[in-house]
Amino acid sequence: MAKQEMKYEEAVAQLEAIVRRMETGELNLDSLADELKKAQKLIKMCKDKLTKTDEEIKKMLEEE
């Protein structure tokens, strides 16, 4: 079974949760590095989705 791609909104919600845990001091030093790596991957995924969507919209507008 293929892994389902995460939705943009889900990625943003996960990022917000990570930031909240960082700000409140819930993360210890060991988990901080892991969460930071996860956040970097989520940020890249969100950026890629936004770029792709922007390109699709521009292409649609050019076709009109």
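Numbering-wise, the UniProt record's numbering puts 15 at position 15 of the sequence shown, and it's gapless, one number per residue. From the three backbone atoms N, C-alpha and C, an ideal C-beta is built for every residue, glycine too.
Kindly indicate which residue of the options has the alpha-carbon position closest to the one of residue i.
| i | options | result |
| --- | --- | --- |
| leucine 36 | Lys58, Lys47, Lys52 and Glu16 | Glu16 |
| aspartate 34 | Glu23, Ile18, Ala13 and Lys47 | Ile18 |
| alanine 11 | Ile57, Glu62, Glu56 and Ile43 | Ile43 |
Check residue i in the structure and name its three-state DSSP category.
| i | result |
| --- | --- |
| glutamate 10 | helix |
| glutamate 26 | coil |
| isoleucine 57 | helix |
| glutamate 5 | coil |
Are the C-beta atoms of residue i and some chain C residue less than 8 Å apart?
| i | result |
| --- | --- |
| glutamate 9 | Among the protein chains of the structure shown there is no chain C, as only one such chain exists. |
Would a C-beta distance cut-off of 8 Å place residue i and residue j closer than the cut-off?
| i | j | result |
| --- | --- | --- |
| tyrosine 8 | lysine 49 | yes |
Check the C-beta distance from residue i over to residue j and give it rounded, since I have them as a contact under 8 Å.
| i | j | result |
| --- | --- | --- |
| arginine 21 | leucine 27 | 5 Å |
| methionine 6 | methionine 45 | 7 Å |
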